[in-house]
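Q:
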Amino acid sequence: MDKLFLLESEYTIRRSSRKNIEIVDYIPSGFDYAAVNNPLWTFNGTNKAYTTITSTLVAGDSIDVIIYLTLKANPGKINAYLNYAEIKSATDVNGNTIPDVDSTPDEVNGNDTGGVPNSPTDNQVNGVPPTDEDDHDPALSMYGI
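Residue numbers (this note's numbering): 1 to 145.
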């Protein structure tokens, strides 16, 4: 099967910079993860992969994070190709954990409002719930489905 890359953009719109941004990717059944393709990621053996952005992301900036996955056949299962990722945690530049005013970072897939693929709530980065928690976002891949 084909090796694909999924591009995830992480944003900070806070008044302060962030670092040590831990990302969790929830790998759906339509993809396989291979460690050899993802040296900056750690796989939990089931359906989650983790990576950390250690550089400083200044207020108002964004960074792209790439994960390489292999496409699997899943006829008729559109959600098999619906990939979610979210910010699990982050710190300020001094290493202190501080609250996020418009989202609750965690690693629980499906507990965030908004972010419905290809809807007005998708890709919102400056809203507050229920518009979209900006720490959790989908990517729907359409490959012959």
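Beta carbons are placed, not taken as given, at the ideal position from N, Cα and C, and that holds for glycine.
1) Here's a check: name, in chain order, each residue in its chain whose Cβ is nearer than 7 Å to the Cβ of T54, leaving out the five neighbours to either side.
2) For V36, name the three-state secondary structure that DSSP assigns.
3) Excluding the five sequence neighbours on either side, which residues of its own chain have a C-beta within less than 7 Å of the C-beta of A34, listed in chain order?
4) Determine the DSSP secondary structure at I78, reduced to helix, strand or coil.
5) By a C-beta neighbour count over all protein chains shown, 10 Å radius and 16 as the cutoff for buried, is D32 buried or exposed?
6) Quick check on the burial criterion: 16 or more other C-beta atoms within 10 angstroms. Buried or exposed for G45?
7) State buried or exposed for T51, treating a residue as buried only when at least 16 other CB atoms are found within 10 Å of its CB.
8) Using a C-beta cutoff of 8 Å, does T46 count as contacting chain B?
9) Label D64 either buried or exposed according to how many other C-beta atoms from any shown protein chain fall within 10 Å of its C-beta, with 16 as the threshold for buried.
10) Please state the DSSP three-state secondary structure of S89.
A: Reading it off the structure:
1) The beta carbon of T54 sits closer than 7 Å to those of K19 and N20, all from its chain and outside the five residues before and after it, given in chain order.
2) When DSSP states are grouped into helix, strand and coil, V36 belongs to the helix group.
3) Here A34 has T70 as same chain residues with Cβ atoms under 7 Å from its own Cβ, once five neighbours each way along the sequence are excluded.
4) When DSSP states are grouped into helix, strand and coil, I78 belongs to the helix group.
5) By the 16-neighbour rule on beta-carbons within 10 angstroms, D32 is exposed.
6) When all chains shown are included, G45 counts as exposed.
7) Under this definition T51 is a buried residue.
8) No chain B appears in the structure shown, which is made up of a single protein chain.
9) Taking every protein chain shown into account, the CB of D64 has fewer than 16 other CB atoms within 10 angstroms, so this residue is exposed.
10) Assigned with DSSP and collapsed to three states, S89 falls in strand.
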